[in-house]
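> Under our numbering, the letters of the sequence shown match residues 15 to 228, in that order.
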Amino acid sequence: MENSSTMSKSAVKISLDLLSNPLCEQDQDFLNMVTALDTAMKRMDAFNQEKVNQIQKTVIEPLKKFGSVFPSLNMAVKRREQALQDYRRLQAKVEKYEEKEKTGPVLAKLHQAREELRPVRDDFEAKNKQLLDEMPRFYNSRLDYFQPSFESLIRAQVRRLPPLLPWRMAQHCFPWWGGGRGLRTSPAPPHTLEVGLATFSHHPRPPHQLPSTA
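#1: Is the beta carbon of Y101 sitting closer than 7 Å to the one on F152?
#2: Do you know whose CA, among F44, Q42, T49, lies nearest L30's CA?
#3: Could you check what DSSP says for T20 in three-state terms: helix, strand or coil?
#4: Measure from the alpha carbon of N62 to the alpha carbon of each residue in V83, Y159, M21, then state which is nearest.
#5: Would you kindly work out how many angstroms separate the C-alpha atoms of K27 and R57, rounded to a whole number?
#6: So what does DSSP say about T53, is it helix, strand or coil?
#7: On the three-state DSSP scale, how would you describe N35?
#8: Please state whether DSSP places D136 in a helix, a strand or coil.
#9: Taking the alpha helix (DSSP H) that K71 belongs to, which residues open and close that run?
Now the structure itself:
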């Protein structure tokens, strides 16, 4: 995004330098052409700044929020792995006593080992089930989460592009554009477009709702 901003500002500087060229005072046609170029470059620079802001709101910020879920997921995976190790350790202890001769002391130790195993096994199964439920849901949520962001970004850019150009150039390059009134083949986009973490008015489902990892 920084490179794009630098290029647009450089283009504005070039057009300003051309306006200060002595040839503009001598040739009216050249002056008109440079003036049109300067106007177009300034509009393009303004559009580029708006585009950078749109990308920040509709892509970068939601992406950061989406990425903030990963540490908690990683922690849940680590807790599950620790529970699995404890479960395996106590399960091995139970199996060891089960293989021994069934004497009174062995049966007492076997009973105690099974009692120790039960809550550890329940804890592992609960953590394992939570990950099995939430990991696929989190993975599948990525499209629903980002689709409103990209739709907002595309709509904003499409709506802004043709007015940047002089009318004759826009008419030549974009014959499908209806005189600044929107696309001829589709209704004009809304005047206000909520982006980022706000509700996207043209999307039926609430955007940026992440599944709970608690």
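Where is the CB? At the ideal position from N, CA and C, for every residue including glycine.
Remember, predicted model here, so these are calculated numbers, not experimental data.
Looking at the coordinates:
#1: Stepping through the sequence shown from its first residue, residue 101 is reached at position 87. Stepping through the sequence shown from its first residue, residue 152 is reached at position 138. Not in contact: Y101 and F152 (Cβ atoms no closer than 7 Å).
#2: Start at 1 with the first residue of the sequence shown, and residue 30 comes out as number 16. The option with the nearest alpha carbon to L30 is T49.
#3: By 1-based counting over the sequence shown, the position of residue 20 is 6. Of the three classes helix, strand and coil, the one that applies to T20 here is helix, per DSSP.
#4: Taking the first residue of the sequence shown as position 1, residue 62 is located at position 48. That would be M21, whose Cα lies nearest to the Cα of N62.
#5: As a position in the sequence shown, residue 27 is number 13, starting the count at 1. As a position in the sequence shown, residue 57 is number 43, starting the count at 1. Distance between the alpha carbons of K27 and R57 is about 13 Å.
#6: Counting from one through the sequence shown, the residue named residue 53 turns up at place 39. It is helical.
#7: Numbered from its first residue, the sequence shown carries residue 35 at position 21. Coil, per DSSP.
#8: Mapped onto the sequence shown, residue 136 falls at position 122. Three-state result, D136: helix.
#9: On the sequence shown, residue 71 is found 57 positions in, with the first residue counted as 1. From DSSP, K71 is part of no alpha helix (DSSP H); its letter is neither H nor E.
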